[in-house]
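In the numbering used here, each residue's number is its place in the sequence shown (first place is 1) plus 496. Where a beta carbon is used, it is the ideal one built from N, C-alpha and C, also for glycine. Here's the structure we're looking at; comments come further down.
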Amino acid sequence: SGFFRLLPDLPKIFWRYPVSYISYGSWAIQGGYKNDFLGLEFEPLFPGEPKMTGEEVINKVFRVKVTHSKWWDLAAVA
């Protein structure tokens, strides 16, 4: 399954806290997602459904919380 795992998929005891916060890769991926998707709207798959926002895509598909700015992610990488 590769080297990158989503945060909810990591075991809680050691890998999620505190190791996930030390990893620069997770901060970089989250910042990239926010940079690319925030502010966008996507057409629905089926006519009549509401448009999906970039924030919904980040939350539902990538399971990344949008509680802080992409600039915090950049600061963590730097």
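1. Using alpha carbons as the reference points, say which of Gly550, Gly544, Val557 and Asp532 lies closest to Leu502.
2. Cutting at 6 Å between CB atoms, please list the residues of its own chain near Pro504, excluding the five before and the five after it.
3. What span of residues does the alpha helix (DSSP H) with Asp532 cover, start to end?
4. Expressed to the nearest angstrom, what Euclidean distance is found between the alpha-carbon atoms of Ile518 and Gly544?
5. Since Lys530 and Lys566 are thought to touch, with beta carbons under 8 Å apart, how far apart are those beta carbons, to the nearest angstrom?
Reading it off the structure:
1. Cα-wise, what sits closest to Leu502 is Val557.
2. Cβ neighbours of Pro504 beyond the five flanking positions: Arg559.
3. Counting along the chain, the alpha helix (DSSP H) containing Asp532 begins and ends at Tyr520 to Phe533.
4. Each residue's alpha carbon lies about 43 Å from the other.
5. Contact flag correct, Cβ pair sits at about 4 Å.
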